[in-house]
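*Asks:* Residue numbers (the working numbering), protein chains in the order written: chain A, 18 to 267; chain B, 10 to 348. Every residue, glycine too, gets a C-beta built ideally from N, C-alpha and C. Remember, predicted model here, so these are calculated numbers, not experimental data. Have a look at this one.
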């Protein structure tokens with residue numbers, strides 16, 4: 018690692034667009050390009066392995082878009098969005114982007130973005146998934162993205178069986194496998210469709226369609242038995258929520 | 010609903026027209042039955058009101074027996090028989106109630122038949138004028154719809170992100186590949202000249218429409234590189250047919266933006282056209298990622314195409330959408346017309 022240099026990764030699915038950023042970075046000797054990625058998967062992998070300081074990130078890319086990739090990347094990295102769409106600008110600043118460059122842009126504008134990035138590099142930040150949830154409570158998730166080492170998994174919400182809180186992480190269960198994601202259960206809950214996912218306990222959310230039956234357990238509490246046999250504790254208030262929702266459906 | 014009864018003011022006009030009729034009838038009855046005018050009117054006036062409503066029933070019989078669809082013999086027989094029966098019954102009833110002992114029945118019968126037939130004629134005139142007004146309204150609606158479809162097609166066509174991304178590519182190529190940048194400018198210029206040059210031409214030969222699509226795809230190839238591959242199977246005789254201008258553009262754009270752009274390794278866009286007698290079939294196929302999130306814009310482009318075809322050809326054109334594995338296919342079938 019070159020001491021003092023800002024390590025940057027360029028993410029864009031179009032080769033000419035990557036070339037342009039590379040070229041515009043050339044005069045800036047304090048910045049070193051450590052990787053070029055053509056999609057969100059590569060971006061997550063590069064960011065995980067190389068721990069860059071700065072990310073130039075396109076939004077519309079195959080499989081995993083820029084925002085989803087950002088959720089899986091260490092929040093410490095300063096991000097400059099580079100896109101032809103002005104519609105994502107609000108969302109970009111909600112996830113604390115350093116800047117938002119609209120294609121096509123001038124060398125001066127690029128320089129200004131870089132200047133802002135220099136001021137931000139190395140400062141701690143909130144995980145993007147948290148910001149995403151805080152900023153867009155009205156927007157329901159269609160799929161959850163998780164990272165397992167350098168691999169990325171996409172879980173469509175209908176395939177999510179349940180989620181459990183584990184310290185600073187949530188454990189997401191889908192099809193017999195479990196995935197860890199750095200997010201709080203509350204912020205995940207805020208992004209899920211409340212008519213399909215219920216908080217049955219302080220530390221768990223369940224997909225209603227997976228609930229096979231509810232059994233009494235001990236004096237006060239109950240157990241939810243899922244279709245795959247998993248047993249999850251149900252608190253008193255969780256049971257009340259469950260009853261209210263099932264009552265609505267009946 | 011009955012044209013008069015559904016509208017009180019029309020009914021009032023109609024009944025007012027019966028006032029002079031009733032007056033004339035009263036005079037005729039008075040003179041033929043050697044009565045005073047007032048005793049005659051006392052019977053004839055209420056009878057006229059009743060008959061005014063009897064004559065309204067011709068609205069239904071006229072609608073049942075459309076002039077353009079019914080033979081003359083059947084028309085004469087039906088309306089004539091109805092006129093004789095109703096007129097006869099009415100005359101007999103009025104005569105009896107008035108106690109005229111058959112003295113006024115003949116004149117009432119003759120007027121009843123005549124009035125009934127007059128009402129038939131009047132209703133046929135009304136129906137004809139209403140039909141022509143409806144036809145005019147339909148034509149106006151179709152024109153408005155065609156105009157809207159065209160405007161939407163143009164808006165969809167002038168997708169600004171296509172321009173922004175292309176300009177960004179030019180910006181990138183300027184230093185590294187000046188010849189490539191120049192080529193891109195030419196392609197882009199060519200595309201916009203062709204598009205804007207269409208002016209108010211609502212139809213163009215398929216050969217021109219395809220040239221436009223090729224131009225668009227060439228520009229996109231600079232952006233997507235090897236990820237975008239295009240294959241054509243165009244029947245020679247199909248290219249002379251005319252199609253609504255910019256008909257394919259939204260579909261080609263969808264194929265790129267919702268197909269190729271979502272694939273890591275890109276894919277193939279297939280353009281095919283063939284003429285089969287009086288039918289022209291145009292197919293646009295593309296690879297897509299079945300796991301990609303669905304987008305609404307796709308539907309807008311396709312809906313535009315459907316509206317456009319409907320406005321131009323009505324039920325003579327069809328759009329077929331099919332998905333097989335990772336191939337998305339839109340087939341347009343429309344009448345083969347040459348300029």
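By alpha-carbon positions, which one of B/117, B/264, B/89 ends up nearest to residue 229 of chain B?
*Replies:* Taking the second chain and counting its residues from 1, the one referred to as residue 229 of chain B is at position 220. When each option's Cα is compared against that of residue 229 of chain B, the closest is B/264.
*Asks:* How is residue 325 of chain B classed by DSSP in three states: helix, strand or coil?
*Replies:* Looking up residue 325 of chain B in the second chain gives position 316. Three-state DSSP puts residue 325 of chain B in a helix.
*Asks:* Residue 178 of chain B versus chain A: which residues are under 8 Å apart at the beta carbon?
*Replies:* Here the question's residue 178 of chain B lines up with position 169 in the second chain. Those are 31, 33, 34, listed as they occur along chain A.
*Asks:* Residue 182 of chain B versus chain A: which residues are under 9 Å apart at the beta carbon?
*Replies:* Numbered from 1 along the second chain, position 173 holds the residue referred to as residue 182 of chain B. Going along chain A in sequence order, the residues near residue 182 of chain B (Cβ under 9 Å) are 33, 36, 37.
*Asks:* Taking Cβ positions only, does residue 200 of chain A come closer than 8 Å to chain B?
*Replies:* Counting from one through the first chain, the residue named residue 200 of chain A turns up at place 183. No, no contact with chain B.
*Asks:* Taking only the alpha-carbon atoms, compute the straight-line gap between residue 263 of chain A and residue 208 of chain A and give it to the nearest angstrom.
*Replies:* Numbered from 1 along the first chain, position 246 holds the residue referred to as residue 263 of chain A. Numbered from 1 along the first chain, position 191 holds the residue referred to as residue 208 of chain A. Whole-angstrom Cα-Cα distance: 21 Å.
*Asks:* On the premise that residue 163 of chain A lies in contact with residue 120 of chain A, defined as a C-beta separation below 8 Å, what is that separation, rounded to the nearest angstrom?
*Replies:* For this step, residue 120 of chain A is matched to residue 103 along the first chain. For this step, residue 163 of chain A is matched to residue 146 along the first chain. The pair is not a contact, with the Cβ atoms about 30 Å apart (cut-off 8 Å).
*Asks:* Give me the DSSP bridge partner(s) of residue 299 of chain B.
*Replies:* Residue 299 of chain B sits at position 290 when you count from the first residue of the second chain. DSSP, once it has assigned bridges, lists no residue as partnering residue 299 of chain B.
*Asks:* Identify, in the order they occur along the chain, each residue of the same chain with its Cβ nearer than 8 Å to the Cβ of residue 253 of chain A, setting aside the five sequence neighbours on each side.
*Replies:* Position 236 of the first chain, counted from the start, is the residue given in the question as residue 253 of chain A. Contacts found: 237, 238.
*Asks:* Taking Cβ positions only, does residue 195 of chain A come closer than 8 Å to chain B?
*Replies:* As a working note, residue 195 of chain A is residue 178 in the first chain. For residue 195 of chain A, the answer is no, since every Cβ of chain B falls outside 8 Å of its Cβ.
*Asks:* Taking Cβ positions only, does residue 170 of chain B come closer than 8 Å to chain A?
*Replies:* On the second chain, residue 170 of chain B is found 161 positions in, with the first residue counted as 1. So, interface residue.
*Asks:* I want to know whether the region 48-61 of chain B touches the region 10-28 of chain B - three or more CB-CB distances under 8 Å.
*Replies:* In short, these stretches touch, since the Cβ pair count reaches three.
*Asks:* Mind checking which residues open and close the alpha helix (DSSP H) that includes residue 176 of chain A?
*Replies:* Here residue 176 of chain A refers to the residue found at position 159 when the first chain is read from its first residue. Element bounds for residue 176 of chain A: n/a, residue is neither H nor E.
*Asks:* What residue range does the alpha helix (DSSP H) around residue 161 of chain A cover?
*Replies:* Reading the first chain from its first residue, position 144 is the one you call residue 161 of chain A. Note, residue 161 of chain A: premise wrong, no alpha helix (DSSP H); beta strand (DSSP E) at 160-165.
*Asks:* Name, please, each residue of chain A whose Cβ falls closer than 9 Å to the Cβ of residue 234 of chain B.
*Replies:* Taking the first residue of the second chain as position 1, residue 234 of chain B is located at position 225. Going along chain A in sequence order, the residues near residue 234 of chain B (Cβ under 9 Å) are 31, 32, 33.
*Asks:* Please work out which residues of its chain come closer than 7 Å, Cβ to Cβ, to residue 19 of chain A, disregarding the five sequence neighbours upstream and downstream, and give them in chain order.
*Replies:* Residue mapping note: residue 19 of chain A aligns to position 2 of the first chain, counting from 1. Here residue 19 of chain A scores only 46 on pLDDT, less than 50, and its place in the model is too uncertain to base an answer on.
*Asks:* Could I get the ranges of all uninterrupted alpha helix (DSSP H) runs contained in the region 46-86 of chain B, with 4 residues as the minimum, in chain order?
*Replies:* The qualifying runs are 46-65, 67-73.
*Asks:* I need the DSSP call for residue 102 of chain A, collapsed to helix, strand or coil.
*Replies:* Taking the first residue of the first chain as position 1, residue 102 of chain A is located at position 85. Here residue 102 of chain A sits in coil by DSSP.
*Asks:* Contact criterion: CB-CB distance below 8 Å. Does residue 195 of chain B meet it with respect to chain A?
*Replies:* Position 186 of the second chain, counted from the first residue, corresponds to residue 195 of chain B. No, residue 195 of chain B lies away from the interface with chain A (no Cβ there is under 8 Å from its Cβ).
*Asks:* Rounded to whole angstroms, what's the CA-CA distance from residue 154 of chain A to residue 204 of chain A? Just pull it up for me.
*Replies:* Locating residue 154 of chain A in the first chain gives position 137, where the first residue counts as 1. Locating residue 204 of chain A in the first chain gives position 187, where the first residue counts as 1. Low per-residue confidence applies at residue 154 of chain A: pLDDT is 48, beneath 50, and the placement is therefore not dependable, though the value from the model is reported in the following sentence. Their Cα atoms are separated by approximately 9 Å.
*Asks:* Around the Cβ of residue 305 of chain B, are there at least 16 other Cβ atoms within 10 angstroms (buried) or fewer (exposed)?
*Replies:* Position 296 of the second chain, counting from 1, holds the residue named residue 305 of chain B. Caution applies to residue 305 of chain B, whose pLDDT of 49 falls short of 50 and renders its modelled position unreliable; the model cannot decide the point.
*Asks:* Say whether chain B places a C-beta atom closer than 8 Å to the C-beta of residue 250 of chain A.
*Replies:* Counting from 1 along the first chain, the entry for residue 250 of chain A is found at position 233. Judged by the 8 Å Cβ criterion, residue 250 of chain A is not in contact with chain B.
*Asks:* State yes or no: is the C-beta of residue 310 of chain B within less than 8 Å of the C-beta of residue 253 of chain B?
*Replies:* One-based indexing of the second chain puts residue 310 of chain B at position 301. One-based indexing of the second chain puts residue 253 of chain B at position 244. Cβ atoms of residue 310 of chain B and residue 253 of chain B: not closer than 8 Å.
*Asks:* Compare the beta carbon distance of residue 125 of chain B and residue 95 of chain B with 8 Å and say whether it is the shorter of the two.
*Replies:* In the second chain, counting from the first residue as 1, residue 125 of chain B sits at position 116. In the second chain, counting from the first residue as 1, residue 95 of chain B sits at position 86. It is a contact, given that the beta carbons lie within the stated cut-off.
*Asks:* Tell me which residues of the region 265-296 of chain B have at least one Cβ-Cβ distance to chain A shorter than 8 Å, keeping chain order.
*Replies:* From the region 265-296 of chain B, only 270, 271, 272, 273 have a Cβ closer than 8 Å to chain A.
*Asks:* Step through the CB atoms of chain A and report whether any lies within less than 8 Å of the CB of residue 188 of chain B.
*Replies:* The residue labelled residue 188 of chain B in the question sits at position 179 within the second chain. Residue 188 of chain B does not count as touching chain A.
*Asks:* How far does the alpha helix (DSSP H) with residue 252 of chain A in it extend, from its first residue to its last?
*Replies:* If you number the first chain from 1, residue 252 of chain A lands on position 235. Careful: residue 252 of chain A lies outside any alpha helix (DSSP H) and carries neither H nor E.
*Asks:* Mind reading off the beta-carbon distance from residue 75 of chain A to residue 28 of chain A? Whole number of angstroms is fine, and I expect it under 8 Å.
*Replies:* For the purposes of this step, residue 75 of chain A is identified with residue 58 of the first chain, where counting begins at 1. For the purposes of this step, residue 28 of chain A is identified with residue 11 of the first chain, where counting begins at 1. Residue 75 of chain A to residue 28 of chain A, Cβ: 6 Å. Contact.
*Asks:* Quick one: is residue 105 of chain B buried, meaning 16 or more other Cβ sit within 10 Å of its Cβ, or exposed?
*Replies:* Start at 1 with the first residue of the second chain, and residue 105 of chain B comes out as number 96. It counts as exposed.
*Asks:* Would residue 102 of chain A count as contacting chain B if we go by Cβ distances under 8 Å?
*Replies:* Here residue 102 of chain A refers to the residue found at position 85 when the first chain is read from its first residue. True, the Cβ-Cβ gap to chain B drops below 8 Å.
*Asks:* Give a yes or no on whether the minimum CB-CB distance between residue 263 of chain B and chain A is below 8 Å.
*Replies:* The count along the second chain starts at 1 and reaches residue 263 of chain B at position 254. For residue 263 of chain B, the answer is no, since every Cβ of chain A falls outside 8 Å of its Cβ.
*Asks:* Any C-beta of chain A within less than 8 Å: which residues of the region 320-347 of chain B qualify?
*Replies:* Taking 8 Å as the Cβ-Cβ cut-off against chain A, none of the residues of the region 320-347 of chain B qualify.
*Asks:* Who pairs with residue 241 of chain A in a beta bridge, going by DSSP?
*Replies:* Sequence index remark: in the first chain, residue 241 of chain A carries index 224 (1-based). According to DSSP, which records beta bridges pairwise, residue 241 of chain A is partnered with A/231, A/249.
*Asks:* With a cut-off of 8 Å, does the C-beta of residue 173 of chain B fall near any C-beta of chain A?
*Replies:* As a working mapping, residue 173 of chain B is identified with position 164 in the second chain. So, interface residue.
*Asks:* Nearest by alpha-carbon distance to residue 61 of chain A: which of A/83, A/46, A/77, A/47 is it?
*Replies:* Within the first chain, numbered from 1, the residue matching residue 61 of chain A stands at position 44. Of the candidates A/83, A/46, A/77, A/47, the one whose C-alpha sits nearest the C-alpha of residue 61 of chain A is A/83.
*Asks:* Give the DSSP-derived three-state secondary structure of residue 26 of chain B in the structure shown.
*Replies:* Your numbering for residue 26 of chain B matches position 17 in the second chain. Here residue 26 of chain B sits in helix by DSSP.
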